[in-house]
Amino acid sequence: MARRKKKQRHEEHIDESWLVPYADILTLLLALFIVLFASSSVDAVRFQQLSNVFNQVFTSGTGFMDFPSDSPSNEPTSPEQRTGAEDLEKLGKNEQEELMEVQERVNAYIQKNDLTDKLGTNLTDEGMLISIRENVLFESGVAEVRSENRKIAKEISDLLVMDLLRNIIVSGHTDNIPIKNYQYESNWDLSVMRSVNFMKLLLENKELDPEMFSAKGHGEFKPVASNETKKGRAKNRRVEILIVPRTAING
12 MARRKKKQRH
22 EEHIDESWLV
32 PYADILTLLL
42 ALFIVLFASS
52 SVDAVRFQQL
62 SNVFNQVFTS
72 GTGFMDFPSD
82 SPSNEPTSPE
92 QRTGAEDLEK
102 LGKNEQEELM
112 EVQERVNAYI
122 QKNDLTDKLG
132 TNLTDEGMLI
142 SIRENVLFES
152 GVAEVRSENR
162 KIAKEISDLL
172 VMDLLRNIIV
182 SGHTDNIPIK
192 NYQYESNWDL
202 SVMRSVNFMK
212 LLLENKELDP
222 EMFSAKGHGE
232 FKPVASNETK
242 KGRAKNRRVE
252 ILIVPRTAIN
262 G
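Going by this note's numbering, the residue at position 151 of the sequence shown is 162; the numbering climbs one at a time, nothing skipped.
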């Protein structure tokens with residue numbers, strides 16, 4: 012008797028249509044994580060770059076897992092944006108030049124009066140800094156400027172007169188040795204009063220605007236040298252004058 016041929020079994024075809032929406036969901040989740048990561052430390056340039064990427068992802072793709080082109084955008088910068096950027100750059104350059112002129116005047120004064128070991132200047136990201144050692148102005152543990160050294164405050168105030176107004180911050184600093192007298196409970200108190208008293212002397216110059224001045228006390232918490240040595244502690248006991256750039260004021 013003839014055998015019947017067994018029917019060959021065919022595996023059932025699995026519907027894979029779900030893969031497309033699943034992949035799209037993964038793409039959206041990836042985009043969400045990128046946004047969350049970028050928002051933790053976002054700046055204007057980075058945000059704009061990220062925005063451009065997502066515009067391309069969600070508007071220019073033709074199929075799932077399409078990637079945007081790396082070609083730069085051809086959109087022209089508006090005249091207003093170009094003008095604003097140019098003005099800001101020009102202001103920054105002019106401000107740097109003017110602060111350098113002030114620094115040169117102060118340095119010339121230091122050289123002329125043989126004060127190189129007592130006064131110093133430095134151009135920083137925050138502005139032009141003038142640093143004055145404690146022994147130039149004060150007795151140890153005292154916040155009143157010595158009468159014989161008030162002349163220095165007057166001469167420095169003349170150097171601070173500028174054509175354009177700028178914020179000026181006077182700050183007091185100490186070493187880390189606790190103060191022991193009946194007038195001041197801590198180095199905070201001493202540093203604050205020194206900055207205030209010195210600022211008052213500067214503002215005896217009527218060409219300076221009191222509204223542009225402020226005083227701070229940092230105690231021993233912003234040292235410029237090690238407090239482990241006598242020389243280092245002497246450097247830390249100081250008064251500083253910071254001339255803030257106008258770009259920072261306008262910003």
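All C-beta atoms in this analysis are idealised placements derived from N, C-alpha and C, irrespective of residue type, glycine included.
Given this structure, state the Cα-to-Cα distance separating residue 231 from residue 145, to the nearest angstrom.
Rounded to whole angstroms, the separation of the alpha carbons of residue 145 and residue 231 is 13 Å.
Please classify residue 111: is it buried, with 16 or more other beta-carbons within 10 angstroms of its beta-carbon, or exposed?
exposed
Find the nearest neighbour of residue 201 within the set 164, 108, 124 and 250, judged by alpha-carbon distance.
250
First and last residue of the uninterrupted alpha helix (DSSP H) at residue 145
145-148 is the span of the alpha helix (DSSP H), which, as asked, contains residue 145.
Tell me the rounded alpha-carbon separation between residue 107 and residue 253.
So the alpha carbons of these two residues sit roughly 14 Å apart.
Buried versus exposed, by CB contacts within 10 Å (16 or more), residue 246
Residue 246 comes out buried.
Could you pull the DSSP bridge partners for residue 182 from this structure?
227 and 251
Residue 219 to residue 166, Cα distance in whole Å?
Each residue's Cα considered, the two are about 13 Å apart.
Limits of the unbroken beta strand (DSSP E) element including residue 134:
Its beta strand (DSSP E) spans residues 130-134.
Three-state secondary structure (DSSP) at residue 197?
coil
If you count every other CB in all the chains shown that lies within 10 Å of the CB of residue 182, and 16 or more means buried, which is it?
buried
Hey, out of 206, 179 and 171, whose CA is closest to residue 155's CA?
206
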